[in-house]
Ligand SMILES: C[S@@+](CC[C@H](N)C(=O)[O-])C[C@H]1O[C@@H](n2cnc3c(N)ncnc32)[C@H](O)[C@@H]1O
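In this note's numbering, the protein residues as written are 1006 to 1239.
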């Protein structure tokens, strides 16, 4: 039979149990902190403005994200669009599917650094007007041409070379856009297509950008809507 424990021994056991619990909690906290500080946690951190005007633009982008978006790209894709446009020094970006201007604002932020301009197409009058207001609030309207109408008709009228073409209008129209506007994309330029993971993309578009030796395509952020990034090779 077990002997009754003395008060001193009971206190010692409580102490030891408390220490084990504290050590366990510390390990969980350390793992959580490591996750938050690692790349996955860092990816969730808000973009940091490097100047006053970037702060103002990012504030409008955040407001549109929270209050005025309609089927907009996820923030991670918006940030990637900005990186692609800014790092390639894009001077002319063409976007199909303006919606309320969320992705357009990320592109315009880049273009305000590269000295470039955006031409963006939207079929819906209300969304076209909302986007205009959002670009204006961000002080970026002078860099944008917003075209109201069917992009299959209106964008086909473009003549100027394109540095980055962003496809985000009707998903079944991507192949037609590629055929009509691909020739305007300069050699070394990019064609970025949204929704390469969800909703399922048009397999004819995927085949067109992955089987042409003149193009190099990678797929990014496929855990979410997914982006196809295609380089028109030199
Ligand atoms: C997914 S939303 C675009 C989201 C936007 N790029 C963003 O991230 O903020 C698609 C938009 O394309 C527009 N659209 C669909 N078909 C179109 C067409 N043929 N011509 C122009 N716009 C079209 C829709 O009205 C809708 O606003």
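No residue lacks a Cβ here, since even glycine has one placed at the ideal position from N, Cα and C.
{"Asked": "Spatial distance of residue 1056 from residue 1111 (CA atoms)", "Found": "16 Å"}
{"Asked": "Rounded separation between residue 1198 and residue 1167 - CA only", "Found": "15 Å"}
{"Asked": "Unbroken beta strand (DSSP E) run spanning residue 1241, endpoints", "Found": "In the structure as shown, the chain starts at 1006 and stops at 1239, and residue 1241 therefore has no counterpart that could be examined."}
{"Asked": "Which listed residue (1226, 1090, 1095 and 1135) has its alpha carbon closest to that of residue 1078", "Found": "1226"}
{"Asked": "Unbroken alpha helix (DSSP H) run spanning residue 1069, endpoints", "Found": "Neither: residue 1069 is in no alpha helix (DSSP H) and is coded neither H nor E."}
{"Asked": "Beta-bridge pairing of residue 1224 - partner residues as DSSP gives them", "Found": "1233"}
{"Asked": "Beta-carbon spacing of residue 1209, residue 1180 below 8 Å", "Found": "yes"}
{"Asked": "Same chain, Cβ closer than 8 Å to residue 1237, five either side skipped, listed in chain order", "Found": "1187, 1190, 1191, 1192, 1193, 1194, 1195, 1196, 1219 and 1220"}
{"Asked": "Nearest candidate by alpha-carbon position, reference residue 1156, set 1182, 1144, 1084 and 1138", "Found": "1182"}
{"Asked": "Contact belief for residue 1137 with residue 1161 at Cβ below 8 Å, rounded distance in angstroms", "Found": "No, residue 1137 and residue 1161 are not in contact; Cβ-Cβ is about 22 Å, not under 8 Å."}
{"Asked": "Chain-order list of residues whose beta-carbon lies under 7 Å from that of residue 1223 (same chain, five-residue window excluded)", "Found": "1234"}
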